[in-house]
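Trainee: The following block contains the structure, expressed as structure tokens.
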Amino acid sequence: MTLEERVAALEQRMAALEGAGSATTALGEGDLWALEGLKQQLASKGEAAADGGVLFTGAVRLPTQEQYEWQYGALTSGLLERESDDWTRSAESLAALGHAVRLRLLREILGGRRTAAELAELEGLGTTGQIYHHLRQLTAAGWLHTTGRGRYEVPGTRVVPLLVVLTAACP
0 MTLEERVAAL EQRMAALEGA GSATTALGEG DLWALEGLKQ QLASKGEAAA DGGVLFTGAV
60 RLPTQEQYEW QYGALTSGLL ERESDDWTRS AESLAALGHA VRLRLLREIL GGRRTAAELA
120 ELEGLGTTGQ IYHHLRQLTA AGWLHTTGRG RYEVPGTRVV PLLVVLTAAC P
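Mapping to numbering that gives the first Met the number 0: the sequence shown position 67 is 66, numbers consecutive.
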């Protein structure tokens with residue numbers, strides 16, 4: 000191998016390493032263990048997974064000390080072949096998150112403020128009627144459910160997905 004070929008090979012390896020580093024976060028900086036696990040899972044699925052896939056996972060303890068663990072994976076082909084109705088439902092779910100007050104409500108609820116009365120006491124969220132409007136939007140989209148007597152919570156199966164969406168929105 001000539002010197003030029005060796006330098007070119009080193010440059011390719013450096014570019015690949017730098018690209019991989021940019022795909023990580025502070026957690027496990029430079030360590031792509033989840034990605035490598037996903038690749039192994041895809042390889043075991045053979046041709047059905049030739050187009051790749053996505054994975055999100057999390058282990059979360061909220062300020063309320065509630066703990067949630069969740070993982071979900073999907074094949075790229077399945078996601079891209081979804082019916083337009085599925086994509087429309089996704090848009091509706093994401094649209095419910097597209098308001099600063101709704102995101103603040105979700106943060107406060109995850110932090111332990113669970114009743115409409117507690118939420119109405121907070122500054123900057125608007126009138127009680129506006130707060131109820133936002134709570135209804137989040138409930139209709141599945142980001143919240145009521146537990147009775149004006150109490151709200153993020154369903155356990157939506158805690159990690161919510162945090163994943165927030166993470167993806169602000170890389």
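All residues carry an ideal CB built from backbone N, CA and C; glycine is no exception. As the structure is a computational prediction, the values presented were derived from the model and not from experiment.
Helix, strand or coil: how does DSSP classify TRP142 here?
Mentor: coil
Trainee: Pull up the DSSP beta-bridge partners for GLN40, would you.
Mentor: For GLN40, which the question treats as bridged, DSSP gives no partner whatsoever.
Trainee: Fully enclosed by the region 98-150, which beta strand (DSSP E) runs are 3 residues long or longer?
Mentor: 144-147
Trainee: Count Cβ pairs between the region 134-145 and the region 31-45 that sit closer than 8 Å; are there 3 or more?
Mentor: Between the region 134-145 and the region 31-45 there are fewer than three C-beta pairs closer than 8 Å, too few to call the two in contact.
Trainee: Do VAL159 and GLY57 have their beta-carbon atoms positioned less than 8 Å apart in this structure?
Mentor: yes
Trainee: So, under 8 Å CB-CB, ARG112 and LEU118 are touching, yes? Tell me the CB distance rounded to an integer number of Å.
Mentor: 6 Å
Trainee: Could you spell out where the alpha helix (DSSP H) holding ARG60 opens and where it closes?
Mentor: Per DSSP, ARG60 lies in no alpha helix (DSSP H); the unbroken beta strand (DSSP E) holding it starts and ends at 52-60.
Trainee: Are the beta-carbon atoms belonging to LEU96 and VAL164 less than 8 Å from one another?
Mentor: yes
Trainee: So is TYR71 buried or exposed if we call it buried at 16+ other beta carbons inside 10 Å?
Mentor: exposed
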